[in-house]
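Working notes for the structure below.
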Amino acid sequence: MALFSIAAAAAAPGIALLSYIYLKDRYEAEPIAMVARLFLFGMMSVFPVMVLQRGFELWLGKDDPFVFSFVTTAGLEEAAKWLIVAIAVFRHAEFDEPYDGIVYATAASLGFATMENMLYAFFEPFSISTLLVRALLPVSGHALFGVVMGYYFGQAKFAKEERGKFFAFAFMFPVFYHGMFDFLLTTAKSSWMWLMVPFMAYLWARGLWKMKRANHHSPLRMIRREEEFKM
-4 MALFSIAAAA
6 AAPGIALLSY
16 IYLKDRYEAE
26 PIAMVARLFL
36 FGMMSVFPVM
46 VLQRGFELWL
56 GKDDPFVFSF
66 VTTAGLEEAA
76 KWLIVAIAVF
86 RHAEFDEPYD
96 GIVYATAASL
106 GFATMENMLY
116 AFFEPFSIST
126 LLVRALLPVS
136 GHALFGVVMG
146 YYFGQAKFAK
156 EERGKFFAFA
166 FMFPVFYHGM
176 FDFLLTTAKS
186 SWMWLMVPFM
196 AYLWARGLWK
206 MKRANHHSPL
216 RMIRREEEFK
226 M
């Protein structure tokens, strides 16, 4: 029972954030089974990423905070999420509006964050306050990296002539933001909060703007308007 309580507490932030983003789809909600599949793929990807990260640490070391933040951590983790979305759902018929990219990428990203949070809760000393801090920082951080990734996957889906560019953006921008997140935590040990609060505020503002923009460009938006006009 205690293990179940710990797992539930660790999983709750990721599920809550995913529910919020899922419900922000204004025109056509994605099949819950597909969203759950991406979430599970994200959870499972933690283990191969951990193995690769250990190899990169042995190869590149952990002394250089830039390399550790942007390559060993952000690069590998965002690459795993990018591959999940690109392989599992990008060409699927249900991916039929730009916001869908945000839902699926965030599902994979929060699946990854949830498994990380559960492993932390099981194997490291923790308290309610530490889980709260992790919910506000790493878990919400992964959600926002997923929003950025999904936004550009949505662009790639519907801009065939520039698909390669948006594919690259779907990897590069999450790596940049994720790398900055880890770099601030690694280097600003005594004053990280003063840097992290405005950085997270910026990510939230940027993420909400991208969500609104993706909904605005939905091809279903015009169909709904035509239906309302006919009624």
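Heads up: the sequence shown begins at -4 in the numbering used here, then just goes up one per residue.
Ideal Cβ placement from N, Cα and C applies to all residues, glycine included.
Does DSSP classify residue i as helix, strand or coil?
i           : result
residue 222 : No answer about residue 222 holds up, because its pLDDT of 48 lies below 50 and its placement is not dependable.
residue 134 : helix
residue 95  : helix
residue 173 : helix
residue 23  : coil
residue 84  : coil
residue 90  : coil
residue 227 : The chain is shown only over -4 to 226; residue 227 falls outside these bounds and no answer can be derived.
residue 154 : coil
residue 6   : helix
First and last residue of the alpha helix (DSSP H) that includes residue i?
i           : result
residue 65  : Segment: none, residue 65 is in no alpha helix (DSSP H) and carries neither H nor E.
residue 208 : 187 to 211
residue 30  : 27 to 55
residue 184 : That residue, residue 184, is in no alpha helix (DSSP H); it is neither H nor E in DSSP.
Beta-carbon within less than 7 Å of residue i's beta-carbon, same chain only, minus the 5 sequence neighbours each way: which residues are those?
i           : result
residue 255 : Nothing can be reported for residue 255: it is not among the residues displayed for the chain, which extend from -4 to 226.
residue 149 : 93, 94, 95, 96, 97 and 209
residue 169 : 73, 140, 143 and 144
residue 182 : 60
Can you say whether residue i is buried or exposed, counting buried as having 16 or more other CB atoms within 10 angstroms of its CB?
i           : result
residue 50  : exposed
residue 12  : buried
residue 137 : buried
residue 227 : Absent from the structure is residue 227, since the part of the chain shown begins at -4 and ends at 226.
residue 184 : exposed
residue 189 : exposed
residue 198 : buried
residue -2  : exposed
residue 117 : exposed
residue 203 : exposed
residue 6   : buried
residue 192 : exposed
residue 76  : buried
Note down, in chain order, each residue of its chain lying with its Cβ closer than 6 Å to the Cβ of residue i, except the 5 sequence neighbours on either side.
i           : result
residue 21  : 210
residue 141 : 100, 101 and 104
residue 180 : 187
residue 147 : 161, 164 and 165
residue 87  : none
residue 215 : 22, 23 and 92
Tell me which same chain residues have a C-beta within less than 8 Å of the C-beta of residue i, skipping the five on either side of it?
i          : result
residue 41 : 107, 110, 111 and 114
residue 38 : 106, 107, 109 and 110
Under 7 Å: does the beta carbon of residue i sit that close to some heavy atom of the ligand COA?
i           : result
residue 181 : With respect to the ligand COA, the structure offers nothing, as it holds no ligand at all.
Taking three-plus beta-carbon pairs below 8 Å as touching, is the segment 147 to 161 in contact with the segment 52 to 61?
Fewer than three pairs of CB atoms, one per stretch, sit closer than 8 Å, so the segment 147 to 161 makes no contact with the segment 52 to 61.
If we count Cβ pairs, one from each stretch, closer than 8 Å, do we get three or more for the segment 12 to 23 versus the segment 69 to 78?
Look at the beta carbons and you see the segment 12 to 23 not touching the segment 69 to 78: under three pairs across the two are nearer than 8 Å.
Spell out a yes or no on whether the segment 108 to 120 and the segment -4 to 5 are touching, meaning 3 or more CB-CB pairs, one atom from each, closer than 8 Å.
Taking 8 Å as the limit for Cβ pairs, the verdict is that the segment -4 to 5 does touch the segment 108 to 120.
Three-pair Cβ contact test at 8 Å for the segment 27 to 45 versus the segment 73 to 92:
The segment 27 to 45 vs the segment 73 to 92: in contact.
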